[in-house]
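Participant: This is the structure, below, for whatever I ask next.
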Amino acid sequence: KIVLYTSSADLTTLTTVYLTSGEVASGGGYTTAGEALTNTGVAKSTVTSYTDFSDVSWTSASFTARGCMIYNSSSISGLTANSTVCTIDFGGDKTVSSGTFTIQFPANDSSNAIIRITS
């Protein structure tokens, strides 16, 4: 899933699970706990494993977000439910007013995918 946060969120490299503190409030086209993501595939090149997701949008939206978290909302072997995959700072507040707020993910390849692990 992907969840949106305001500038009041305290997301660091030590954030290991989904947090409600600082999340964009429900309403204005957003629902807390975020949206499900659609994985566009997992692949690998010679030295890089990678995965990416389809773009996600909130329609009829009116809110401000500073960043987001991708997290695993289910419990799988060895991981606690709601485990953080990654957090992303947008570099500044992003505001939408009665419009569509879209997160566009890059191409799913070894040079651009949102999640890349190089050996």
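Residue numbers for the sequence shown follow my numbering, beginning at 23 and rising by one.
Heads up, the beta-carbon is just placed ideally off N, CA and C, and yes, glycines get one too.
Predicted model only: the values in this text are computed from it and were never measured.
1. Measuring alpha carbon to alpha carbon, tell me which residue in Gly-51, Thr-106, Val-25 is nearest Glu-45.
2. So, under 8 Å CB-CB, Ile-137 and Tyr-72 are touching, yes? Tell me the CB distance rounded to an integer number of Å.
3. Roughly how many whole angstroms lie between the Cα atoms of Ile-139 and Gln-126?
4. Could you tell me which of Ser-84, Ser-48, Tyr-40, Val-39 sits nearest to Thr-13, measuring between CA atoms?
5. In whole angstroms, what separates the C-alpha of Ala-135 from that of Gly-49?
6. Where do the N-terminal and C-terminal ends of the beta strand (DSSP E) with Thr-124 fall, by residue?
7. Which of helix, strand or coil does DSSP assign to Lys-23?
8. For Val-64, is the classification buried or exposed, using 16 other Cβ atoms within 10 angstroms of its Cβ as the cut-off for buried?
9. Buried or exposed: where does Asn-61 fall if 16 or more other Cβ atoms within 10 Å of its Cβ makes it buried?
10. If you scan the segment 44 to 80 from start to end, which runs of the beta strand (DSSP E) of 3 or more residues do you find wholly inside it?
11. Please name the residue, chosen from Ser-29, Thr-35, Lys-66, that lies closest to Ser-141 on a Cα-to-Cα basis.
12. Going by other Cβ atoms of all chains shown within 10 Å of its Cβ, with 16 needed for buried, is Val-118 buried or exposed?
13. On the DSSP letters alone, give me the boundaries of the beta strand (DSSP E) that Ile-98 sits inside.
Facilitator: In brief:
1. Val-25
2. 6 Å
3. Cα to Cα, the separation comes out at about 20 Å.
4. For the chain, the structure presents residues 23 to 141; residue 13 sits outside this window and is missing.
5. 31 Å
6. 105 to 125
7. coil
8. exposed
9. exposed
10. Taking only runs of at least 3 residues, the beta strand (DSSP E) segments lying wholly in the segment 44 to 80 are 61 to 66, 70 to 75.
11. Looking from the CA of Ser-141, the closest CA among Ser-29, Thr-35, Lys-66 belongs to Lys-66.
12. buried
13. Per DSSP, Ile-98 belongs to no beta strand (DSSP E) and is neither H nor E.
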